[in-house]
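Trainee: Following this message is one structure expressed as structure tokens.
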Amino acid sequence: MHPEIVRDAPGDCPICGMALIPIAGTGMGAGEAGDTELNDLARRLRVGIALTVPLLVIAMAPMLGIGELFGLQPRERGWAEFLLGTPVVLWVGWPILRKFWLSLAHRALNMYTLIGLGVGCAYLFSLAGIFMPGWFPPEFREHDSSVGTYFEAAAVIVTLVILGDYLQLKAMGQTSLAIQQLLKLAPNQAWRLRDDGMEEQVSLEAVAVGNRLRVKPGEKIPVDGIVLEGMSRVDESMITGEPIPVAKGPGDKVIGSTVNGNGSLVVRAERVGANTLLARIVHMVGEAQRTRAPIQRLADVIAAYFVQFVIAIAIITALAWSFFGPEPKFTYALVNAIAVLIVACPCAVGLATPISMTVAMGQGARAGILFRNAGAIERMRNIDTIVVDKTGTLTLGHPALTDFATEGIAQDEALALVAGVEQLSEHPIARAIVASARARGLKLPQAEDFEALSGLGVQANIDGKRVLVGSRNFLSQHNIDTQRWDEQGEAWRAEAKMVVFFAVDGVAAGIAAVADPVKESTPEAITTLRSLGIHIVMLTGDSRRTAEAVARQLGIRETLAEVLPEHKARHVKRLQSEGHKVAMAGDGINDAPALAQADVGIAMGTGTDIAMESADITLVKGDLRGIARAVVLSRATMRNIRQNLTFAFGYNALGIPLAAGVLYPAFGLLLSPMFAGVAMAMSSVSVVTNALRLNRIKL
Numbered sequence: 056m057h058p059e060i061v062r063d064a065p066g067d068c069p070i071c072g073m074a075l076i077p078i079a080g081t082g083m084g085a086g087e088a089g090d091t092e093l094n095d096l097a098r099r100l101r102v103g104i105a106l107t108v109p110l111l112v113i114a115m116a117p118m119l120g121i122g123e124l125f126g127l128q129p130r131e132r133g134w135a136e137f138l139l140g141t142p143v144v145l146w147v148g149w150p151i152l153r154k155f156w157l158s159l160a161h162r163a164l165n166m167y168t169l170i171g172l173g174v175g176c177a178y179l180f181s182l183a184g185i186f187m188p189g190w191f192p193p194e195f196r197e198h199d200s201s202v203g204t205y206f207e208a209a210a211v212i213v214t215l216v217i218l219g220d221y222l223q224l225k226a227m228g229q230t231s232l233a234i235q236q237l238l239k240l241a242p243n244q245a246w247r248l249r250d251d252g253m254e255e256q257v258s259l260e261a262v263a264v265g266n267r268l269r270v271k272p273g274e275k276i277p278v279d280g281i282v283l284e285g286m287s288r289v290d291e292s293m294i295t296g297e298p299i300p301v302a303k304g305p306g307d308k309v310i311g312s313t314v315n316g317n318g319s320l321v322v323r324a325e326r327v328g329a330n331t332l333l334a335r336i337v338h339m340v341g342e343a344q345r346t347r348a349p350i351q352r353l354a355d356v357i358a359a360y361f362v363q364f365v366i367a368i369a370i371i372t373a374l375a376w377s378f379f380g381p382e383p384k385f386t387y388a389l390v391n392a393i394a395v396l397i398v399a400c401p402c403a404v405g406l407a408t409p410i411s412m413t414v415a416m417g418q419g420a421r422a423g424i425l426f427r428n429a430g431a432i433e434r435m436r437n438i439d440t441i442v443v444d445k446t447g448t449l450t451l452g453h454p455a456l457t458d459f460a461t462e463g464i465a466q467d468e469a470l471a472l473v474a475g476v477e478q479l480s481e482h483p484i485a486r487a488i489v490a491s492a493r494a495r496g497l498k499l500p501q502a503e504d505f506e507a508l509s510g511l512g513v514q515a516n517i518d519g520k521r522v523l524v525g526s527r528n529f530l531s532q533h534n535i536d537t538q539r540w541d542e543q544g545e546a547w548r549a550e551a552k553m554v555v556f557f558a559v560d561g562v563a564a565g566i567a568a569v570a571d572p573v574k575e576s577t578p579e580a581i582t583t584l585r586s587l588g589i590h591i592v593m594l595t596g597d598s599r600r601t602a603e604a605v606a607r608q609l610g611i612r613e614t615l616a617e618v619l620p621e622h623k624a625r626h627v628k629r630l631q632s633e634g635h636k637v638a639m640a641g642d643g644i645n646d647a648p649a650l651a652q653a654d655v656g657i658a659m660g661t662g663t664d665i666a667m668e669s670a671d672i673t674l675v676k677g678d679l680r681g682i683a684r685a686v687v688l689s690r691a692t693m694r695n696i697r698q699n700l701t702f703a704f705g706y707n708a709l710g711i712p713l714a715a716g717v718l719y720p721a722f723g724l725l726l727s728p729m730f731a732g733v734a735m736a737m738s739s740v741s742v743v744t745n746a747l748r749l750n751r752i753k754l
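Counted the way our numbering counts, the sequence shown spans residues 56 to 754.
Structure follows, in structure tokens:
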């Protein structure tokens, strides 16, 4: 609620009095300080209920016509109420009384100021009635000269407030549960390879950047790194959400805490400790949960004056009843002033925004959407235009084999031969073909007499066959007819694909196409964004032909191609000047200025660090569908906050006049402090319960 308050130990906020929430990633998790306070409140709540229920029955017995069941006279009943109510007020309510005192000591009036005043007045009045009944005028006394007490009102209010605090703390803990579970995913130890090749098991803290680590089958990968040796499949579902394990080999990146499959890997540590992706996710969510949304400013302004306003209303209520109320005037004045103080507790107003934001960020984190701050959630609701970079955002961001056609030879056999030659080349097209062959599980044959001709192609002997791979001109120079494949090649080029011909023993055997393919999730993401009423603009530095081919494939109507990196932010600014609320999605260093210029910057988690640092939202999975999910979550969250504020202000707008007694002259209706306590507690419970509904949103 007040993110500027930070301390190194559990405690209460000196401004609002609410419990401080452990910052994710500090080691002070829900299982330590958070659970200790929650368990303490649960203990106090159990004792409060056990004592308050019989206290309430005894106090209400005469009004319910069952007073004779207890056989207690008014004075005896008062003493029974004292014995039951005092532990509730002084022990069960001790956290409340402490916060009340701190609010006075810090000169920061808050909801506990109102609760403390109400409970304190009711309890002290009742104590005086028990021990010093002679202080009261005759009209305050029963037939046996005893004075009516309000121990039951004080006890019920204390128990209800403790219940509210318990529910709030539990709800706040639940919102960080996903983050705490993420922290537990990291392994504690790693197998480090020494210079002599021997393995040693060390703690994760002892691993340094550059260390070589052995990851055995079934083990968790300890840090972010690069595969040096071995082949395996890695389950990355905890980061990407994809259930199918990903093939990994030399040169591939691996993410800490993901699970290795059946193969053994040697990994070079690239990021350790707080720099790993998992640690950064935890840090970003923890930081974001402590920020304020602009909409909270309204609640902050109101809360700044609310307590003083309510105390003034309570004083006016007491004076009005003292001068104009019926007898006993003092009793009516005290009871109604206490009711005003209790019913007007602003805890629901204070919770309305932060509880929804915290739940939303936890929900977003589970869906792979990391909000840098609460303001990003609020701004995302109004976005009407999404500017997307092509490479790495709409597409995978690296060349891949997209098409492969053969004649007179089986596809797998042909691909193995082509990849066998290309594995000796460093060209990006060659790497894409080799990666595709390995992904299919093909065994690559050994090539001999390898020869590369710059800009044309490569050739080599494999198992007694002469294999040529390259451009049409390269094959033509060797008197190989490619006419059979020319039409198909032109069709693929129209789709902005790079075409490679290959021949076996002097005969054109097939054709392959390599391109930066569109991500499988991109078409669905584009369709979903359109259904949300969002206009999509593709912005790229690639050639117009390539950009328009991708735009046609995805149905994107507005394309800005051949844009220099320094001009991307200029185009975003132009759209903003036209009145659009713009979100920019990108993954590279060249996207950083545009991400910072946009109303909401969205970085692909598969991109560069500087892009993520410049963005308001990071999509961990690098999946464009995350933008649509972020829009849905943002709109639901802001709708939820408005509902919460309606609940909170609605309770106060109805409750304060009712507690002050405005209906008494016409209808003879008054709001008992006990029912005021119920209303106050229900306002907080309704806000917390409504906020938790965000966990059920389908993203």
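The beta carbon of each residue, even a glycine, is placed where N, CA and C say it ideally should be.
Would you call the segment 274-289 in contact with the segment 323-330, where contact means no fewer than 3 C-beta pairs closer than 8 Å?
Mentor: Yes, the segment 274-289 touches the segment 323-330.
Trainee: Spatial neighbours of V476 within its chain, please: CB distance less than 6 Å, with the 5 preceding and 5 following residues excluded, ordered by chain position.
Mentor: As a working note, residue 476 is residue 421 in the sequence shown. Within the same chain, V476 has close Cβ partners A502, V513, A515, V522 and V524.
Trainee: How would you call K520, buried or exposed, if buried means at least 16 neighbouring beta carbons within 10 angstroms?
Mentor: By one-based count along the sequence shown, residue 520 stands at place 465. Exposed: under 16 other Cβ atoms inside 10 Å.
Trainee: With C-beta atoms as the reference, is I696 less than 8 Å away from T408?
Mentor: By one-based count along the sequence shown, residue 696 stands at place 641. By one-based count along the sequence shown, residue 408 stands at place 353. For I696 and T408, yes; Cβs fall inside 8 Å.
Trainee: Could you give the residue range of the beta strand (DSSP E) that holds S598?
Mentor: What you label residue 598 is simply residue 543 of the sequence shown in a count that begins at 1. Note, S598: premise wrong, no beta strand (DSSP E); not H, not E.
Trainee: To the nearest angstrom, report how far apart D439 and G681 are at their CA atoms.
Mentor: Here residue 439 corresponds to residue number 384 of the sequence shown, with the count starting at 1. Here residue 681 corresponds to residue number 626 of the sequence shown, with the count starting at 1. If I take the Cα positions, the gap works out to 16 Å.
Trainee: What residue ranges within the segment 514-543 form continuous alpha helix (DSSP H) runs of no fewer than 4 residues, ordered along the chain?
Mentor: Runs of the alpha helix (DSSP H) inside the segment 514-543: 527-532.
Trainee: Quick one: give me the first and last residue of the alpha helix (DSSP H) that K623 is part of.
Mentor: For the purposes of this step, residue 623 is taken as residue 568 along the sequence shown, with counting starting at 1. First-last of the alpha helix (DSSP H) with K623: K623 to S632.
Trainee: So which of T204, V314, N317 and R288 has the shortest CA-CA distance to G304?
Mentor: Looking up residue 304 in the sequence shown gives position 249. Checked all of T204, V314, N317 and R288; the closest Cα to G304 is R288.
Trainee: In three-state DSSP terms, what is K384?
Mentor: Walking along the sequence shown from the start, residue 384 turns up at place 329. Of the three classes helix, strand and coil, the one that applies to K384 here is helix, per DSSP.
Trainee: Tell me G252's beta-bridge partners as DSSP assigns them.
Mentor: Your numbering for residue 252 matches position 197 in the sequence shown. Looking at the DSSP assignment, G252 forms no beta bridge with any residue, so it has no partner.
Trainee: Below 8 Å between beta carbons: does that hold for V618 and I484?
Mentor: Stepping through the sequence shown from its first residue, residue 618 is reached at position 563. Stepping through the sequence shown from its first residue, residue 484 is reached at position 429. No, these two residues do not count as a Cβ contact at 8 Å.
Trainee: Strictly by DSSP, which residues pair up with K303?
Mentor: On the sequence shown, position 248 is the one that residue 303 refers to. DSSP output for K303 lists S287 as bridge partner(s).
Trainee: Measure the C-alpha to C-alpha separation of V398 and I370 and round it to an integer number of angstroms.
Mentor: Mapped onto the sequence shown, residue 398 falls at position 343. Mapped onto the sequence shown, residue 370 falls at position 315. If I take the Cα positions, the gap works out to 15 Å.
Trainee: DSSP three-state call for V365: helix, strand or coil?
Mentor: Along the sequence shown, one-based indexing puts residue 365 at 310. In this structure, V365 counts as helix in the three-state DSSP scheme.
Trainee: By DSSP's criteria, T461 is part of a beta bridge. Which residues make up the other side?
Mentor: As a working mapping, residue 461 is identified with position 406 in the sequence shown. In the DSSP output, where bridge partners are listed per residue, T461 has G565.
Trainee: Tell me which same chain residues have a C-beta within less than 7 Å of the C-beta of A714, skipping the five on either side of it?
Mentor: In the sequence shown, residue 714 corresponds to position 659, counting from 1. Cβ within range, chain order: N391, A394, V395, V398, L726 and A731.
Trainee: By how many angstroms is the C-alpha of K225 removed from the C-alpha of G417?
Mentor: Here residue 417 refers to the residue found at position 362 of the sequence shown. Here residue 225 refers to the residue found at position 170 of the sequence shown. Straight-line Cα distance between these residues: approximately 14 Å.
Trainee: For W540, count the other beta carbons within 10 Å of its own beta carbon; 16 or more makes it buried, fewer makes it exposed. Which is it?
Mentor: To locate residue 540, count along the sequence shown from 1; it is residue 485. Looking at its Cβ environment, which holds 16 or more other Cβ atoms inside 10 Å, W540 is buried.
Trainee: Go ahead and pull the three-state DSSP assignment for G296.
Mentor: Stepping through the sequence shown from its first residue, residue 296 is reached at position 241. Model confidence at G296 stands at a pLDDT of 47, short of 50, so the residue's coordinates are unreliable; what they give is reported in the following sentence. It is coil, neither helix nor strand.
Trainee: In the structure shown, what three-state DSSP assignment does E468 receive?
Mentor: Indexing the sequence shown from 1 puts residue 468 at position 413. Helix, per DSSP.
Trainee: Ignore the nearest five residues each way along the sequence and tell me which others in I752's own chain have a CB closer than 8 Å to its CB.
Mentor: Working through the sequence shown from its first residue, we reach residue 752 at position 697. Here the set comprises Q418, V687, L688 and A691.
Trainee: Compute the distance between the beta-carbons of V443 and L449, then report whether it is under 8 Å.
Mentor: For this step, residue 443 is matched to residue 388 along the sequence shown. For this step, residue 449 is matched to residue 394 along the sequence shown. Yes, the Cβ-Cβ distance between V443 and L449 is below 8 Å.
Trainee: With a 10 Å radius around its C-beta and 16 neighbouring C-beta atoms as the bar for buried, classify A160 as buried or exposed.
Mentor: Walking along the sequence shown from the start, residue 160 turns up at place 105. Looking at its Cβ environment, which holds fewer than 16 other Cβ atoms inside 10 Å, A160 is exposed.
Trainee: Just to confirm the assignment: which complete beta strand (DSSP E) runs, minimum length 3, are found wholly within the segment 680-716?
Mentor: Here no run is fully enclosed.
Trainee: Assign Q478 to one of two classes, buried (16 or more other C-beta atoms within 10 Å of its C-beta) or exposed (fewer than that).
Mentor: If you number the sequence shown from 1, residue 478 lands on position 423. So Q478 ends up on the buried side.
Trainee: Nearest CA to the CA of L139: which residue from P150, E207 and A375?
Mentor: Position 84 of the sequence shown, counting from 1, holds the residue named residue 139. Per the Cα distances, E207.
Trainee: Where does T413 sit, in a helix, a strand or coil, going by DSSP?
Mentor: Numbered from its first residue, the sequence shown carries residue 413 at position 358. Reduced to three states, the DSSP call for T413 is helix.
Trainee: In angstroms with no decimal places, state the Cα-to-Cα distance between F378 and Q363.
Mentor: Mapped onto the sequence shown, residue 378 falls at position 323. Mapped onto the sequence shown, residue 363 falls at position 308. Whole-angstrom Cα-Cα distance: 23 Å.
Trainee: Near L530, which residues of its chain fall below 7 Å by C-beta distance, leaving aside the five closest residues on each side in sequence?
Mentor: Position 475 of the sequence shown, counting from 1, holds the residue named residue 530. Here the set comprises L523, T537, F556, A558 and A563.
Trainee: Please return the same chain residues whose Cβ sits closer than 7 Å to the Cβ of V655, not counting the five positions on each side in sequence.
Mentor: Numbered from its first residue, the sequence shown carries residue 655 at position 600. If we look at V655 and ignore the five residues flanking it on each side, its Cβ neighbours are A431, R434, M435, I438, A638, D671 and I672.
Trainee: State yes or no: is the C-beta of A469 within less than 8 Å of the C-beta of A492?
Mentor: One-based indexing of the sequence shown puts residue 469 at position 414. One-based indexing of the sequence shown puts residue 492 at position 437. It is not a contact, given that the beta carbons lie outside the stated cut-off.
Trainee: Below 8 Å on the Cβ atoms is my guess for N699 versus S319; work out the distance and round it to an integer in Å.
Mentor: As a working mapping, residue 699 is identified with position 644 in the sequence shown. As a working mapping, residue 319 is identified with position 264 in the sequence shown. Not really, about 53 Å apart at Cβ, beyond 8 Å.
Trainee: From A606 to D467, what distance separates their C-alpha atoms?
Mentor: Position 551 of the sequence shown, counting from 1, holds the residue named residue 606. Position 412 of the sequence shown, counting from 1, holds the residue named residue 467. The alpha-carbon atoms of A606 and D467 are separated by roughly 32 Å.
Trainee: Buried or exposed, going by whether 16 or more other CB atoms sit within 10 Å of the CB of V684?
Mentor: Locating residue 684 in the sequence shown gives position 629, where the first residue counts as 1. The sequence given here places Arg at residue 684; Val does not occur at that position. Flag for R684 reads buried.
Trainee: Is DSSP giving S312 helix, strand or coil here?
Mentor: On the sequence shown, position 257 is the one that residue 312 refers to. In the structure shown, S312 sits in coil (DSSP, three-state: anything other than H, G, I, E or B).
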